[in-house]
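2 protein chains.
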Amino acid sequence: MDKGQTIRLTISTRQEETKTTVVKRNAFYAQSGGVTAVINASACGVIETARARGDVIGAVLAGRNGIIGALTENLIDTGRESDAAIAALRHTPSGAFGSARYKLKDIDQDPREYERLIEVFKAHDIGYFFYNGGGDSADTCLKVSQLSEKIGLPLQAIHVPKTVDNDLPITDSCPGFGSVAKYIAVSTREASFDVRSMSKTSTKVFVLEVMGRHAGWIAAAGGLASDAATEIPIVILFPEVAFDRERFLAKVASLVDTFGYCTVVVSEGAKGPDGTFLADQGLKDAFGHAQLGGVAPVVADIVREGLGLKYHWSVADYLQRAARHIASKTDVEQAYAMGKAAVEFALAGKNSVMPTIVRTSTHPYIWEVGAAPLSEVANVEKMMPADYISEDGFGITQACRDYLTPLIQGEDYPPYKDGLPDYVTLKNVAVRKRLPEFRL
Amino acid sequence: MDKGQTIRLTISTRQEETKTTVVKRNAFYAQSGGVTAVINASACGVIETARARGDVIGAVLAGRNGIIGALTENLIDTGRESDAAIAALRHTPSGAFGSARYKLKDIDQDPREYERLIEVFKAHDIGYFFYNGGGDSADTCLKVSQLSEKIGLPLQAIHVPKTVDNDLPITDSCPGFGSVAKYIAVSTREASFDVRSMSKTSTKVFVLEVMGRHAGWIAAAGGLASDAATEIPIVILFPEVAFDRERFLAKVASLVDTFGYCTVVVSEGAKGPDGTFLADQGLKDAFGHAQLGGVAPVVADIVREGLGLKYHWSVADYLQRAARHIASKTDVEQAYAMGKAAVEFALAGKNSVMPTIVRTSTHPYIWEVGAAPLSEVANVEKMMPADYISEDGFGITQACRDYLTPLIQGEDYPPYKDGLPDYVTLKNVAVRKRLPEFRL
Chain A
1 MDKGQTIRLT ISTRQEETKT TVVKRNAFYA QSGGVTAVIN ASACGVIETA RARGDVIGAV
61 LAGRNGIIGA LTENLIDTGR ESDAAIAALR HTPSGAFGSA RYKLKDIDQD PREYERLIEV
121 FKAHDIGYFF YNGGGDSADT CLKVSQLSEK IGLPLQAIHV PKTVDNDLPI TDSCPGFGSV
181 AKYIAVSTRE ASFDVRSMSK TSTKVFVLEV MGRHAGWIAA AGGLASDAAT EIPIVILFPE
241 VAFDRERFLA KVASLVDTFG YCTVVVSEGA KGPDGTFLAD QGLKDAFGHA QLGGVAPVVA
301 DIVREGLGLK YHWSVADYLQ RAARHIASKT DVEQAYAMGK AAVEFALAGK NSVMPTIVRT
361 STHPYIWEVG AAPLSEVANV EKMMPADYIS EDGFGITQAC RDYLTPLIQG EDYPPYKDGL
421 PDYVTLKNVA VRKRLPEFRL
Chain B
1001 MDKGQTIRLT ISTRQEETKT TVVKRNAFYA QSGGVTAVIN ASACGVIETA RARGDVIGAV
1061 LAGRNGIIGA LTENLIDTGR ESDAAIAALR HTPSGAFGSA RYKLKDIDQD PREYERLIEV
1121 FKAHDIGYFF YNGGGDSADT CLKVSQLSEK IGLPLQAIHV PKTVDNDLPI TDSCPGFGSV
1181 AKYIAVSTRE ASFDVRSMSK TSTKVFVLEV MGRHAGWIAA AGGLASDAAT EIPIVILFPE
1241 VAFDRERFLA KVASLVDTFG YCTVVVSEGA KGPDGTFLAD QGLKDAFGHA QLGGVAPVVA
1301 DIVREGLGLK YHWSVADYLQ RAARHIASKT DVEQAYAMGK AAVEFALAGK NSVMPTIVRT
1361 STHPYIWEVG AAPLSEVANV EKMMPADYIS EDGFGITQAC RDYLTPLIQG EDYPPYKDGL
1421 PDYVTLKNVA VRKRLPEFRL
């Protein structure tokens, strides 16, 4: 760490006085993997902070479609965007420069892609590499930094955390997660009120499918819909708990018996006792092919078949991670702070690090910015603690509530125009290429 | 109309002066059919207006679970709720007293249920019947009024319009619809931004299933996500337009070619050329039974099979009609106004009517409260005008935009507590029964 600090030169001026002058370097920023409601808030934090330090940072160039933009030298000149447009990123969901699901080849097997990245960064005088993503991109970030140092073209690589899956280590939470959690908690409460109204003569069980292929963080957020003031019967199906058909049906039957209805929040990653995804079971199309995705209809069908109860089901899919209109204010602030800290870390000479959210207190919730070495972040997946799931496996514990509740605090409404959120679409002007073409 | 006005008696006081005294009658209010984000705002309008006129209206009794509450004499004394709780109904989605999908038996075949309603109303001194629902409940409302008059127990029956389907005649729009429309327009815009970000390497087509079994009003609202400032490639599948697989695939392919991605908004009621629901085609469970519901996965599968494009799909289901957190301010105000007008109509002596929303101007949007005789409302379904659908059948016209845009104007955020909307759950205290049991 702290190796590739800003280069300072002492040069002579015409007046023969000596002055310390900073050699400005450009910055590269890219978005990686699935986007979120607040990843652009991190972009906003990076760009606004870099603009404020125009004395040491030159242009901020963004990768068009993430790291692919760097590999193919498809760079965007963010300097062509107005301050207002950059400020609007803070309230705009999705990835403004395009993101990519692209895993670089193993550096030991084929270092060509990594070498190309450094070649592009050299050609565009990139001194700072800000990579906004999850565990995979932290690994890429680390390797770029290591290779650049090895070949004598030092580059400060800072990873900006982002993932709705909340599975990055060290950081207390991941920007993007708090807003999904809020959306799922709000939606679960609203739909449960609806079902409660209808349950006398109509729907008695509502099934909501949420994201989370490996960990039940998002499903757990559904549990927040019920609290002491607003009691709602909720059954959560976590990927961490093997689905047991009989126990599940008994739980649903018991809740419907007591409350007249119940809501099931099921993680897309829910698995049966044999370890296969519930979503992959059962549904076939007209040609007998397995129908991909959709665990909600599978669970709803189990309820119908097992209990004969009337049901409705919903699959939130992209709606949940794009729902900037109901983003968590805490999450927006943290996403922005991570982008800002990334630039500040770079200017402080840090390298191969990721800013983190450090929770210093839960009651009241207090957090501050920390730093984690990328070597401890890359390829490490944080799972949900076992004591966050209630004993029967269908709910969340008080420890889980204490962890989740601060993350959904506050609303940060976007401006509206003609009844719709006024989200920004950037001009995304291309930077002139300087290198030969590179085939992916 | 104007028959059963408030009864005024001249009585003698102890001081032998004559005074005009009003005999107070109680009011009955019930919610019917699928609930909405704003039906409680109508309830709030009814109850607050009735409370303000405590000189002429006694108790407001609500039906527990809609009309079933009246039939079984399960009445709720809304007088036991605080002013604050009643005010909170304005920002609480769902049906606070419970709703019901219950169709009364044909009055000519079996008048028992209608007679029972009047018996219950008589037992509880009900002079005003406020019924909050769609076309079916308007018909019930009308028949109750006719029968009560016939047997000499006059009752003022006022229907309060409500339906997300927007299919009631005469009124320019239906409370409940504007908020669903806003939710679908906002969600379509947000998810489209997400897909746009991901389309280079991942999802290229996003399919969103929305409500609307018979008419494409809600699907049409998805079209609002795209406008002059924010161009989004959207394909709408209306129930009004027979699904043509080849034309659909050509349209999607062309948009993906131009924009790199596209969003499909499909109405649950979309039908094939043979008139069968697309949702009923194809999907079977593990036992070979047809899987009910879910046109989104069917359409997504058609895209995969026909074009080989990566897709995601979402089914909004109850989330869309319960989403009070993003309700249209216009819709909330109109829902409240309809409840308020219902009481004012009753006090003005009107009978067998429904307050309506009259649009007097589109640019700027101006509306006022009108009145429609129930005989012209009951069992009449308003379909979407043909000139609201674009020539190719996949989009909306300017006329449709002009109609829809005012309905989603304004936000009316509920208060939040601990990161979640602070929705009210009423005490719903039962009124003591006075009649023998009635079997449904």
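Protein chains in written order, with the working numbering: chain A, 1 to 440; chain B, 1001 to 1440.
Every residue gets a Cβ at the ideal spot worked out from N, C-alpha and C, and that includes glycine.
Given the structure is predicted, the values throughout are model-derived calculations rather than measurements.
Any idea what DSSP makes of residue i, helix, strand or coil?
{"i": "Asp443(A)", "result": "A question about residue 443(A) goes unanswered here, because the residues of chain A that appear run from 1 up to 440."}
{"i": "Ser1042(B)", "result": "helix"}
{"i": "Tyr261(A)", "result": "coil"}
{"i": "Ser199(A)", "result": "coil"}
{"i": "Arg324(A)", "result": "helix"}
{"i": "Leu1404(B)", "result": "helix"}
{"i": "Tyr423(A)", "result": "coil"}
{"i": "Tyr102(A)", "result": "coil"}
{"i": "Thr1276(B)", "result": "coil"}
{"i": "Val180(A)", "result": "helix"}
{"i": "Ser375(A)", "result": "helix"}
{"i": "Tyr388(A)", "result": "helix"}
{"i": "Ile1396(B)", "result": "strand"}
{"i": "Ile232(A)", "result": "coil"}
{"i": "Leu1249(B)", "result": "helix"}
{"i": "Leu208(A)", "result": "strand"}
Note down the Cα distance separating residue i from residue j, rounded to an integer number of angstroms.
{"i": "Ala335(A)", "j": "Ile326(A)", "result": "15 angstroms"}
{"i": "Gly370(A)", "j": "Gly79(A)", "result": "29 angstroms"}
{"i": "Ser1390(B)", "j": "Asp1244(B)", "result": "15 angstroms"}
{"i": "Gly33(A)", "j": "Asp1167(B)", "result": "42 angstroms"}
{"i": "Arg1101(B)", "j": "Asp139(A)", "result": "55 angstroms"}
{"i": "Glu1368(B)", "j": "Ala181(A)", "result": "40 angstroms"}
{"i": "Ser99(A)", "j": "Lys271(A)", "result": "29 angstroms"}
{"i": "Val1144(B)", "j": "Ala1323(B)", "result": "33 angstroms"}
{"i": "Val210(A)", "j": "Ala378(A)", "result": "26 angstroms"}
{"i": "Ile184(A)", "j": "Ala1062(B)", "result": "31 angstroms"}
{"i": "Arg1213(B)", "j": "Gly1269(B)", "result": "4 angstroms"}
{"i": "Val1380(B)", "j": "Val1164(B)", "result": "16 angstroms"}
{"i": "Ala1430(B)", "j": "Tyr1029(B)", "result": "14 angstroms"}
{"i": "Pro233(A)", "j": "Val186(A)", "result": "15 angstroms"}
{"i": "Asp1194(B)", "j": "Ile170(A)", "result": "27 angstroms"}
{"i": "Asn1026(B)", "j": "Ser1179(B)", "result": "32 angstroms"}
{"i": "Gln409(A)", "j": "Ser192(A)", "result": "21 angstroms"}
{"i": "Met338(A)", "j": "Ser94(A)", "result": "17 angstroms"}
Name, please, each residue of chain E whose Cβ falls closer than 7 angstroms to the Cβ of residue i.
{"i": "Ile408(A)", "result": "Within the model displayed, chain E is absent; protein chains A and B are what it includes."}
Counting C-beta neighbours from all protein chains within 10 Å, is the total for residue i 16 or more, i.e. buried, or is it exposed?
{"i": "Thr1330(B)", "result": "buried"}
{"i": "Ser1199(B)", "result": "buried"}
{"i": "Pro1364(B)", "result": "exposed"}
{"i": "Val303(A)", "result": "buried"}
{"i": "Ala286(A)", "result": "Any reading at Ala286(A) needs caution, since the residue's pLDDT is 49, under 50, leaving its predicted position unreliable; the model's value is listed next. Exposed, because fewer than 16 other Cβ atoms sit within 10 Å of the Cβ of Ala286(A)."}
{"i": "Gln109(A)", "result": "exposed"}
{"i": "Leu1374(B)", "result": "buried"}
{"i": "Glu411(A)", "result": "buried"}
{"i": "Thr1405(B)", "result": "buried"}
{"i": "Glu442(A)", "result": "Only positions 1 to 440 of chain A appear in this structure, which leaves residue 442(A) out of reach."}
{"i": "Leu1435(B)", "result": "exposed"}
What first and last residue would you give for the alpha helix (DSSP H) that runs through residue i?
{"i": "Lys83(A)", "result": "A small correction: the amino acid at residue 83(A) is Asp; Lys does not occupy that position in the sequence shown. It spans 83-88 - the alpha helix (DSSP H) in which Asp83(A) sits, taken as one unbroken run."}
{"i": "Arg954(B)", "result": "Outside the displayed range of chain B (1001 to 1440) lies residue 954(B), so it cannot be described from this structure."}
{"i": "Arg443(A)", "result": "The question about residue 443(A) has no answer, for chain A in this structure spans 1 to 440."}
{"i": "Ala346(A)", "result": "329-347"}
{"i": "Glu1149(B)", "result": "1135-1150"}
{"i": "Leu71(A)", "result": "67-71"}
I'd like the span of the beta strand (DSSP E) that includes residue i, first residue to last.
{"i": "Val160(A)", "result": "156-161"}
{"i": "Asn361(A)", "result": "Note that residue 361(A) is Ser in the sequence shown, not Asn. It spans 353-361 - the beta strand (DSSP E) in which Ser361(A) sits, taken as one unbroken run."}
{"i": "Gly1063(B)", "result": "1057-1063"}
{"i": "Ala316(A)", "result": "It is not in any beta strand (DSSP E) - Ala316(A) carries neither H nor E in the DSSP assignment."}
Between the stretch 1408-1427 of chain B and the stretch 1341-1353 of chain B, can you find at least three pairs of beta-carbon atoms closer than 8 angstroms?
Using a C-beta cut-off of 8 angstroms, the stretch 1341-1353 of chain B makes no contact with the stretch 1408-1427 of chain B, since fewer than three inter-stretch Cβ pairs fall below that distance.
Pairs of beta-carbons, one from the stretch 394-405 of chain A and one from the stretch 304-321 of chain A, closer than 8 angstroms: are there three or more?
Short answer: they don't touch.
Can you find at least 3 beta carbon pairs, one from the stretch 1210-1230 of chain B and one from the stretch 116-129 of chain A, that sit closer than 8 angstroms?
No, they do not touch.
Quick one: any contact between the stretch 1149-1158 of chain B and the stretch 1052-1071 of chain B, if contact means 3 or more CB pairs under 8 angstroms?
These segments do not touch.
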